[in-house]
Amino acid sequence: MKIRLATMNDIEAVYTICLRFHEESRFSRYPLNPDKLRAAITESIQVSKASCVLLAEHSSGDVVGMLAGYVTSPRFTDVRVAQDHGFYVLPAHRGSSAAMKLMIAFRRWAENRQAVELCINQNVDIDQARFARFMRHLDFQCCGANFVLPLR
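Per the numbering used here: the sequence shown = residues 14 to 165.
Okay, structure coming up:
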């Protein structure tokens, strides 16, 4: 499994994996805006100092996972924190080295930008128990919860 930064040539591959992510997540009930998604992907790839799109590429050349993230400073301090926009591995590749290698690469990317913390959220409602075990295995600590109230 190879991990690499996405380039502008990867927009379609990233878009395709984002569609799968959307379909499997709780957000599937929200209508997808393809133009908005493509613009967000493009911006994340182009602003490589403040954001990244890391891809897990199988030996076949297929993209099987991604971790999109950014570095920011909370409103009350000047320290930098790395945050994910999305972390997803295709179901057939869960349990492979893809997720682990994506997290290692994201950590290195964040450290190179002087981030003092990684913050990975799980608000997509995909296999929460397995995700929690994986994050604890990486020594992450749970520091909260996400709550949702659908409105009419």
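Even glycine gets a Cβ: it sits at the ideal position worked out from N, Cα and C.
DSSP state of residue i mapped onto helix, strand, coil
| i | result |
| --- | --- |
| K15 | strand |
| V102 | strand |
| L131 | strand |
| R165 | coil |
Per-residue burial, residue i [other beta carbons within 10 Å of its own, 16 or more giving buried]
| i | result |
| --- | --- |
| M79 | buried |
| G108 | exposed |
| V27 | buried |
| F160 | exposed |
| V76 | buried |
| L32 | exposed |
| G74 | exposed |
| L67 | buried |
| S64 | buried |
| F89 | exposed |
| G157 | exposed |
First through last residue of the alpha helix (DSSP H) which encompasses residue i
| i | result |
| --- | --- |
| C31 | I24 to E37 |
| A111 | A111 to E124 |
| A158 | Run containing A158: none; DSSP gives neither H nor E here. |
| F40 | Taken as a continuous stretch (DSSP letters only), F40 belongs to no alpha helix (DSSP H), as it is neither H nor E. |
| R143 | Q141 to H150 |
Distance between beta carbons of residue j and residue i, contact taken as under 8 Å
| i | j | result |
| --- | --- | --- |
| F144 | Q135 | 5 Å |
| V60 | A128 | V60 to A128, Cβ: 15 Å. No contact. |
| D91 | A81 | Not really, about 24 Å apart at Cβ, beyond 8 Å. |
| T29 | I58 | That belief does not hold up - the Cβ atoms of T29 and I58 are roughly 15 Å apart, past 8 Å. |
| D94 | E130 | The amino acid occupying residue 94 in the given sequence is Val; Asp does not appear at that position. At roughly 5 Å, the Cβ-Cβ gap stays under 8 Å, so V94 and E130 are in contact. |
| V137 | R51 | Not quite, the Cβ-Cβ distance comes to about 20 Å (not below 8 Å), so this is no contact. |
Self-check item: Length-filtered (3 minimum) beta strand (DSSP E) runs lying within the segment 44 to 98
Solution: Listed in chain order, they are 64 to 70 and 76 to 85.
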